[in-house]
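Notes to accompany the following structure.
Residue numbers (UniProt numbering), protein chains in the order written: chain A, 1 to 348; chain R, 1 to 320.
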């Protein structure tokens, strides 16, 4: 009756509802009106074309980091390093965008490719260490995040500027921003990156589900030994998977560099795009279509929450708690399955 | 020689000072992972420890006087242990992916900490505490020539508590029946179960110990280094501790050694510009040194590490 496919839809939906319910309870406990709180959130995401544009802007990199992590998951890898890959991708995109002059048709793709390449290199290191030496990728990718953060800050201060706090703005010919989109959305920072993100989602879906290579990648993730026995190059597939995952996360950095900001500031802390991507991938069930929906949900929560302090006096961090609980419930899907089956039985 | 000694004298106390929080937290990680529960949530446990330590310290500094920091870290231990129950329930009872539930712990701790800070203090960060730990000269020992100034002058007592805890953890894990049970649960839960050890209860205890020690580590960091709580108080120290667990091959003394090493590397980036040999090295190399060295260490240049066999796998009774 309840097939696995149904569960894959039911579990995330139940998790989101439980997360929002918990958020409402927290608001009640601290003396806020949860209905007002959530109305403020809704209005903050959809209340005007400006807010809607900002929501889409936030969704854009989330789709890419979510895809990156989902792709790694499907191939049996846990890429906590999307955060670092975003940072190096951002830096590479802005560097190409600011340092060169070329017509847009060459310049923009070049900047995007640079970002993907930088992210891919950042994924290659944990990939090759995993494939050749069997080192667990989780801890390496965590370390690579810090290396990315500190190196890119140093690059901005010492190489790209004269001890400045942010890079030069990129040239018009490398920009994803569009006056048309901005005017249409009440001068939000929405940009054409959303098209890049959707294309990447299609690419990931097609690669994983429709190609032989994708089959191999999934197969290695599912059972290394059987794949080896079947004659697949296990190490090569692990490296390729991390490289692709890193490349997609690098593109998320390009969205910030070429779209939203048009430059790169030094960062004293992580952007959190990569970490939030973990939540997006999990909620999206690690498939490309699910990731788009989950990215949209988290974009709505994040941008909407900015309206909560002014409209309902609720600290916007409430949404961080809700997101954490949603991940917790998704992770604990076993108990949700068990509860649903139990309810089902008693209903009969 | 004198210059070298001066350099050492400026590095060692700072290295010990930066190591202490990492040692506590890494020991927590050792307990959890030895029982077979991966704990990526160490970072979040430190955040909760730092938060509760600071809040308690600010609230009770007038009533408790000079023992305030000590009580604060005890409270942080209790809060950390309770908070880690969330990870235990998910990882042990709900059979969640342990890496994912650890990630949830990290998100939750930061969200909760900052939310409550805004709620109670009306801003993104707490006030500075008036009763942190102060460095002291240890009487008698600090008069020993050479060693005295190096190890006992201007030192935080918490650093020595941390080192003592590492030996205590080693004793508990390797010399007591409890330790043997805990390790057996992480190596071969089914065999342990057959021998009458309650696998799930053992794992709950181990995770709660990691919560207490992680909370302690966070509070010690907050009360010796940061002095207040904000979103940016704990940024990566938990992950460094996790690296120390693996670097130290899941052994308490190994983890302590790795944490001391990370503390040393961090102190180099703090005092490096004042040391003749290092002053021309760009600061960024010293900053990334601990991370690069961790990668090199894991890549096998310091010997292969063997994780507890059942690490990361939920135990389902009756399955093979």
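Cβ atoms here follow ideal geometry from the backbone N, Cα and C, with glycine treated the same way.
Among the residues of chain R, none has a CB under 8 Å from the CB of residue 298/A; the nearest is roughly 12 Å distant. Contact check for residue 228/R and residue 127/R: beta-carbon distance about 6 Å, within the 8 Å limit, so the pair qualifies. Close CB contacts of residue 291/A within its chain, under the 7 Å cut and outside five residues either way in sequence, are with 63, 66, 67, 70, 201, 280, 281, 284 (chain order). Rounded to the nearest angstrom, the gap between the Cα atoms of residue 209/R and residue 31/R is 7 Å. Taking CB atoms only, residue 305/A has no neighbour in chain R less than 7 Å away. Between the stretch 51–69 of chain R and the stretch 113–130 of chain R, the count of Cβ pairs shorter than 8 Å is three or higher; the stretches touch. Setting aside the 5 residues that flank it on each side, residue 192/A is surrounded in the same chain by 176, 178, each with a C-beta closer than 6 Å to its C-beta; the list follows chain order. Per the coordinates, the alpha-carbon of residue 86/R lies some 31 Å from the alpha-carbon of residue 45/A. Per the coordinates, the alpha-carbon of residue 164/A lies some 10 Å from the alpha-carbon of residue 153/A.
Taking a beta-carbon distance threshold of 7 Å, residue 111/R counts as an interface residue toward chain A. By the Cβ test, the stretch 219–235 of chain A is not in contact with the stretch 105–112 of chain A, since fewer than three Cβ pairs between them sit closer than 8 Å.
Under the three-state reduction of DSSP, residue 233/R is assigned to coil, being neither helix nor strand. Residue 101/R belongs to the set of residues whose beta carbon lies under 7 Å from a beta carbon in chain A.
Per DSSP, residue 172/R has no beta bridge partner at all.
Inclusion of residue 11/R and residue 267/R in the CB contact set at 7 Å is warranted, their separation being smaller than that value. The continuous stretches of alpha helix (DSSP H) do not include residue 126/R, and DSSP gives it neither H nor E. Residue-level contact by beta carbon fails for residue 73/A and chain R, as no gap is shorter than 7 Å.
Within chain R, the residues whose beta carbon sits less than 9 Å from that of residue 320/A are 107, 108, 110, 111, 112, 114, 115, listed in sequence order. Under the Cβ criterion of 7 Å, residue 328/A is counted among the residues facing chain R. Take the alpha-carbon of residue 170/R and the one of residue 27/R: they are about 9 Å apart. Bounds of the alpha helix (DSSP H) holding residue 150/A are 137–154. Not flagged as an interface residue toward chain R: residue 10/A, since no C-beta distance is shorter than 7 Å.
Contact between the stretch 240–249 of chain R and the stretch 147–162 of chain R is absent, with fewer than three C-beta pairs closer than 8 Å. For residue 166/A, the beta-bridge partners assigned by DSSP are 265/A. Secondary structure at residue 158/R: helix, using DSSP grouped into helix, strand and coil. Non-local beta-carbon contacts of residue 263/R in its own chain, meaning distances under 7 Å to residues more than five positions away in sequence, involve 15, 16, 18, 19, 22 in chain order. Taking each of 299/A, 146/A, 27/A, 149/A in turn and checking the Cα distance to residue 55/A, the smallest one comes out for 299/A. Within the same chain, Cβ atoms closer than 6 Å to the Cβ of residue 189/A are found at 57, 260, the five residues on either side in sequence being excluded. Residue 173/A and residue 160/A have their alpha carbons spaced roughly 19 Å apart. Separation of the CB atoms of residue 211/R and residue 84/R is rounded to 2 Å, and the pair is thereby assigned contact status at 8 Å. Taking all protein chains shown into account, residue 291/R has 16 or more neighbouring C-beta atoms within 10 Å of its C-beta and is therefore buried. Think of a sphere of 7 Å around the beta carbon of residue 119/R: the chain A residues whose beta carbon falls inside it are 30, 315, in chain order. In chain order, 332, 334, 335 make up the part of chain A whose C-beta sits under 7 Å from the C-beta of residue 94/R. The three-state reading of DSSP puts residue 188/R in coil, since its state is none of H, G, I, E or B. Non-local C-beta neighbours of residue 102/R in its own chain, meaning closer than 7 Å and more than five positions away in sequence, comprise 38, 39, 40, 41, 87, ordered along the chain. The stretch 90–100 of chain A makes no contact with the stretch 233–241 of chain A; the number of CB pairs closer than 8 Å stays below 3.
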